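J.: Position 133 of the sequence shown, counted from 1, bears residue number 133 in UniProt numbering, the numbering being contiguous throughout.
Backbone N, C-alpha and C define an ideal beta-carbon position, used for all residues, glycine too.
On a predicted model such as this, the values are computed, not experimentally measured, just so you know.
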Amino acid sequence: MKKGNRSERRLVTRTKRSKTPTTIEGNDSFNATYLKSPSPITHRRKSTSEFDLQKILAIIPYSLGKIQKPATYRKELAKIYELENQDSQTSSKTFEQYINTKVLDAQRQLNQLLENKESPSQKQNSFYPIQYFRKTINRFSPGIVRIYPKESSITPTSTSTRLIQNDRFCKTPTPPSQPKQHLNTSSPSLKRIQPQKYNLEASFSVKNHNRLKKSPNPDKITNNTHFLAVEKYNGDYVNGKRHGNGEIIYSNGDKYKGKWINDKKEGYGKYLYKDIGITYKGDWHMNNRHGNGKMKFSNGDVLQGSWSNGYLNDGYVIILYGNGDKYQGEIVNGMRHGEGTIKYQQGYFYRGPWKEDHRSGIGLITYKTEFFFEGLFINDSTEGKGVLVKKDIFGFNKNKNTDAPDSPSNIFRSSSNYSYNRKSELGHIDEFKLFKLLSLDMWDTIFVTLTSEQLDSRINFPHPTIESGIFRAGKLFGAGMLKFGIYGKYEGNFKDGARSGWGKMVYNDPDKVCSWFHDNEGTYYGEWKDNFKHGFGVFEWPDRTKYEGRFSRNMRNFVTGKMYFNNGEIYEGGWVNDKMEGKGTYWKGGIIFKGQFIKGLPADVGSLEFADGRKYDGNIDNWLPNGNGAMRWPNGDLYEGSFKDGNPDGNGKMVFSNGDLYVGEWDRGQRTGNGIMNYSTTGEIYDGEWVCNYRVGLGILKSLKGDIIFWGKWKQDQPGNKGKMKRTRSGKIMLEYI
Numbered sequence: 001m002k003k004g005n006r007s008e009r010r011l012v013t014r015t016k017r018s019k020t021p022t023t024i025e026g027n028d029s030f031n032a033t034y035l036k037s038p039s040p041i042t043h044r045r046k047s048t049s050e051f052d053l054q055k056i057l058a059i060i061p062y063s064l065g066k067i068q069k070p071a072t073y074r075k076e077l078a079k080i081y082e083l084e085n086q087d088s089q090t091s092s093k094t095f096e097q098y099i100n101t102k103v104l105d106a107q108r109q110l111n112q113l114l115e116n117k118e119s120p121s122q123k124q125n126s127f128y129p130i131q132y133f134r135k136t137i138n139r140f141s142p143g144i145v146r147i148y149p150k151e152s153s154i155t156p157t158s159t160s161t162r163l164i165q166n167d168r169f170c171k172t173p174t175p176p177s178q179p180k181q182h183l184n185t186s187s188p189s190l191k192r193i194q195p196q197k198y199n200l201e202a203s204f205s206v207k208n209h210n211r212l213k214k215s216p217n218p219d220k221i222t223n224n225t226h227f228l229a230v231e232k233y234n235g236d237y238v239n240g241k242r243h244g245n246g247e248i249i250y251s252n253g254d255k256y257k258g259k260w261i262n263d264k265k266e267g268y269g270k271y272l273y274k275d276i277g278i279t280y281k282g283d284w285h286m287n288n289r290h291g292n293g294k295m296k297f298s299n300g301d302v303l304q305g306s307w308s309n310g311y312l313n314d315g316y317v318i319i320l321y322g323n324g325d326k327y328q329g330e331i332v333n334g335m336r337h338g339e340g341t342i343k344y345q346q347g348y349f350y351r352g353p354w355k356e357d358h359r360s361g362i363g364l365i366t367y368k369t370e371f372f373f374e375g376l377f378i379n380d381s382t383e384g385k386g387v388l389v390k391k392d393i394f395g396f397n398k399n400k401n402t403d404a405p406d407s408p409s410n411i412f413r414s415s416s417n418y419s420y421n422r423k424s425e426l427g428h429i430d431e432f433k434l435f436k437l438l439s440l441d442m443w444d445t446i447f448v449t450l451t452s453e454q455l456d457s458r459i460n461f462p463h464p465t466i467e468s469g470i471f472r473a474g475k476l477f478g479a480g481m482l483k484f485g486i487y488g489k490y491e492g493n494f495k496d497g498a499r500s501g502w503g504k505m506v507y508n509d510p511d512k513v514c515s516w517f518h519d520n521e522g523t524y525y526g527e528w529k530d531n532f533k534h535g536f537g538v539f540e541w542p543d544r545t546k547y548e549g550r551f552s553r554n555m556r557n558f559v560t561g562k563m564y565f566n567n568g569e570i571y572e573g574g575w576v577n578d579k580m581e582g583k584g585t586y587w588k589g590g591i592i593f594k595g596q597f598i599k600g601l602p603a604d605v606g607s608l609e610f611a612d613g614r615k616y617d618g619n620i621d622n623w624l625p626n627g628n629g630a631m632r633w634p635n636g637d638l639y640e641g642s643f644k645d646g647n648p649d650g651n652g653k654m655v656f657s658n659g660d661l662y663v664g665e666w667d668r669g670q671r672t673g674n675g676i677m678n679y680s681t682t683g684e685i686y687d688g689e690w691v692c693n694y695r696v697g698l699g700i701l702k703s704l705k706g707d708i709i710f711w712g713k714w715k716q717d718q719p720g721n722k723g724k725m726k727r728t729r730s731g732k733i734m735l736e737y738i
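1) According to DSSP, what are the bridge partners of residue 548?
2) Write down every uninterrupted run of the beta strand (DSSP E) in the region 230-308 whose length is 3 residues or greater and which is fully enclosed by it, in chain order.
3) Tell me whether the beta-carbon of residue 284 lies closer than 9 Å to the beta-carbon of residue 255.
4) State buried or exposed for residue 94, treating a residue as buried only when at least 16 other CB atoms are found within 10 Å of its CB.
5) Residue 667 and residue 649 look like a contact to me (Cβ under 8 Å); what is the Cβ gap, rounded to whole Å?
6) Work out the CA separation of residue 265 and residue 288 for me, nearest whole Å.
7) What did DSSP end up calling residue 704 once you bin it into helix, strand or coil?
8) Which one or two residues does DSSP pair with residue 339 in a beta bridge?
9) Within 10 Å of its beta-carbon, does residue 642 have 16 or more other beta-carbons around it, so buried, or fewer, so exposed?
10) Please list, in chain order, all residues of the same chain as residue 291 whose beta carbon is under 8 Å from its beta carbon, the five residues on each side excluded.
11) Going by alpha carbons, who is nearest to residue 706 out of 693, 684, 716?
12) If the criterion is Cβ atoms closer than 9 Å, does the pair residue 539 and residue 560 meet it?
13) Give me the residue from 703, 328, 526, 612 with the minimum Cα distance to residue 351.
14) On the criterion of 16 or more Cβ atoms from any shown chain inside 10 Å, does residue 639 qualify as buried, or is it exposed?
15) Tell me which same chain residues have a C-beta within less than 8 Å of the C-beta of residue 698, skipping the five on either side of it?
16) Using the rule of at least 16 other Cβ atoms within 10 Å of the residue's Cβ for burial, across every protein chain shown, is residue 693 buried or exposed?
17) Are residue 534 and residue 527 closer than 9 Å when you measure CB to CB?
18) Which residue's Cα is closest to the Cα of residue 232: 249, 312, 632, 625?
19) Cutting at 6 Å between CB atoms, please list the residues of its own chain near residue 637, excluding the five before and the five after it.
20) Would you report the Cα separation of residue 245 and residue 318, rounded to the nearest angstrom?
21) So, at 8 Å on beta carbons, what are the nonlocal neighbours of residue 507 in its own chain, with the 5 sequence-adjacent residues on each side left out?
22) Nearest to residue 262 by alpha carbon, out of 237, 672, 229?
23) Go ahead and label residue 625 buried or exposed: buried means 16 or more other beta carbons lie within 10 angstroms of its beta carbon, across all protein chains shown.
24) Would you say residue 355 and residue 349 are within 9 Å of each other, going by their C-beta atoms?
25) Residues in its own chain within less than 6 Å of residue 710 by CB, not counting five upstream and five downstream?
26) With a threshold of 7 Å on Cβ separation, who are the neighbours of residue 671 within its own chain once the five nearest residues in sequence on each side are excluded?
27) So, residue 532 versus residue 554, is the Cβ gap smaller than 9 Å?
28) Which same chain residues, not among the five before or five after residue 336, have their C-beta less than 7 Å away from its C-beta?
29) From this set, 494, 303, 268, 660, which residue's C-alpha is nearest residue 314's C-alpha?
30) In or out: residue 544 buried (at least 16 other Cβ within 10 Å) or exposed?
31) Output the distance between the C-alpha atoms of residue 581 and residue 659, rounded to the nearest integer angstrom.
32) If you draw a straight line from the alpha carbon of residue 599 to that of residue 576, how long is it in whole angstroms?
33) So, at 8 Å on beta carbons, what are the nonlocal neighbours of residue 613 in its own chain, with the 5 sequence-adjacent residues on each side left out?
34) Using only CA atoms, which one of 479, 601, 509 lies nearest to residue 773?
35) Spatial neighbours of residue 299 within its chain, please: CB distance less than 6 Å, with the 5 preceding and 5 following residues excluded, ordered by chain position.
So this is what it looks like as structure tokens:
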């Protein structure tokens, strides 16, 4: 063993005494799983502890940034510190001094690895090992893509290890069981054996690898145009000031044509910045660009957005590039930042998040209908797990290196300027595990796996976890995506190749091209089973109608659920054959119906609740009481009898809250006709004619004992002319008016 310095000898001591490496918790930058993986640097001196070095490296960002070290790191270092000093009664260094020494030693070793001890394979890949130490710690992270020929089973170089776990890439590598060998790098199907990381490019040209075009920055344009010397003005004046429409030419060649108010540019106008060749058309206020406007640059780019006091506002803009590209989305400080979509003139587009003019985050890039990629972007480069799916439109044999017609294939390029070979892709598609080639049927169906945690987090369902998407025996399993061309898209869980579990489906087929769709428009998110909407789910239609409830094999059939109609009406209850059926409740214009539904309509018997507090039970027609029933008012009044169009009509009995009782005829909710009223307070009884709730016409009023108080004609609820009683020969009593 070579001699090393004191810190290295201590690390060796730690390695000998530790049976298993101690794991530490991860954070946003360093994952504990990575720290448990053995270091890939095979040329490092054997005396250095692999695991301890990784722990020290994980602390460097906190030390350099003078941030308080996490408690977990301190605990791990404390264990090492105690082990190294347990044989000595006194320690020459305090624990804090020990930490600082470890950090300095780790920095020194890191510099040696990066500057003096890079292998030839590392020098060919600019992202390695910088990416390893600063980002992933473990070079077997799925963020680094590797391609191997089919005959390969071991590492091609001393710095790359072949993973043989189910023929997939995983986080923890399996050590090779045989001596390391070198593959023939002159294989006709593989240009290079070294791991490659692919960057997205704006151009399909093989020779041209220019970076993505930057956004135009209009904020660099001066706003002090009103201080320029005027060479010529042609337009309206008011009180000696430019006011109205006018055109001005400044001494530097700038031109403005538009509205003026009190010698200031105000309103709509066009300004030409002569020196830089930029033209602005839009709103002005107090000599500054203010409001909506469109700016055209000398290279042909056109930016459409809103300005305030001469500066471009953050938010939504449209950028038309001179080469035909088009960006629609958010900007911040003049750079594409936030959600945005860019469509390239070559026929493909990117949709997803941006950060400081770079594609960054979970995004989607497509090229017509031939392929699309969805995954994590960082600074315009793919990072972490993602999915690239190419449509098999050539009908080639995947087991042979078959030539295919030319098509765009340079959207991805290696960070070492190595162009990806399309023929190699077709010949060795099975070895590139982030690619999945499928033969599509006439429905243009595309299956995609979403394998990263970031992609899983996009599927925001109430289900606590969604498994990573993988293929098992050719069938999609776990979280994934299914596209039906332009007519539909599914994101969610799969089982045995079928949509099962929680998932989201978007339908976009108003012309009913896809006859197998049960729904043609709308969005569903909820439970699935064997490609059917089955279980609890939510369906929203484009007209804002929404259903929340159970589904049974794509239908609301013998289930319960709640429907929100776009006119504000609500139904909650049973469903049969996608129609309201069985017991349910319906809210309609201030009326609540409770009862049975038949084929989407309420039954003719049920209960109603009105906005004013009235409650009704009985026969119903057209959402109103019609027929026999009973109605109770909020004040306690109770009516039992005949109804018509929601009001008492015909014969009925009313018990008032004060105890009065009326039995007789009704018309449109009022006592009209013959009826008897018992007055509870006096005990009197009136038997006679009524008109609109008043005693009108012939009637008799008796006392509690049965004595006649008045017998005659009534007018507006009051006794009319006096009369006298006369007994006839037959014994009848007649009223004779005086």
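T.: Quick answer:
1) Paired residue(s): 538, 562.
2) Complete beta strand (DSSP E) runs here, min 3: 230-238, 241-250, 255-261, 264-273, 278-285, 288-296, 302-308.
3) Taking 9 Å as the Cβ cut-off, residue 284 and residue 255 do not qualify as a contacting pair.
4) By the 10 Å Cβ count, residue 94 comes out exposed.
5) That pair is a contact at about 6 Å.
6) Taking the straight line joining both Cα atoms gives about 7 Å.
7) Coil.
8) The partner list for residue 339 (beta bridge, DSSP) reads 353.
9) Classification of residue 642: buried, given that the 10 Å Cβ count is 16 or more.
10) Around residue 291: 282, 283, 284, 285, 306, 307.
11) Answer by Cα proximity: 684.
12) Not a contact, by the Cβ cut-off of 9 Å.
13) Cα-wise, what sits closest to residue 351 is 328.
14) Residue 639 should be labelled buried.
15) Taken in chain order, the residues that qualify are 688, 689, 712, 713, 714.
16) Taking every protein chain shown into account, the CB of residue 693 has fewer than 16 other CB atoms within 10 angstroms, so this residue is exposed.
17) Their beta carbons are under 9 Å apart, which means residue 534 touches residue 527 by this criterion.
18) Considering only alpha carbons, the answer is 249.
19) Excluding the 5 residues flanking it on each side, residue 637 has same chain C-beta neighbours closer than 6 Å at 656, 657, in chain order.
20) Computed Cα separation, rounded: 29 Å.
21) Hits under 8 Å: 487, 488, 517, 519, 520, 521, 522, 523, 524.
22) Of 237, 672, 229, the residue nearest in Cα terms is 237.
23) The residue is buried, with at least 16 neighbouring Cβ atoms inside 10 Å.
24) No, the pair does not count as a contact, with Cβ atoms beyond the cut-off.
25) For residue 710, same chain residues with a beta-carbon under 6 Å away, outside a window of 5 residues either side, are 701, 719 in chain order.
26) Cβ within range, chain order: 662, 664, 690, 693.
27) Yes, Cβ-Cβ distance for residue 532 and residue 554 is below 9 Å.
28) Around residue 336: 215, 327, 329, 354, 357.
29) Just measuring C-alpha positions, the residue of 494, 303, 268, 660 sitting nearest residue 314 is 303.
30) That one is exposed.
31) Distance from the CA of residue 581 to the CA of residue 659, rounded to the nearest whole angstrom, comes to 41 Å.
32) Distance between the alpha carbons of residue 599 and residue 576 is about 8 Å.
33) Here the set comprises 633, 634.
34) Because the chain here runs from 1 to 738, residue 773 falls outside it and cannot be looked at.
35) Taken in chain order, the residues that qualify are 322.
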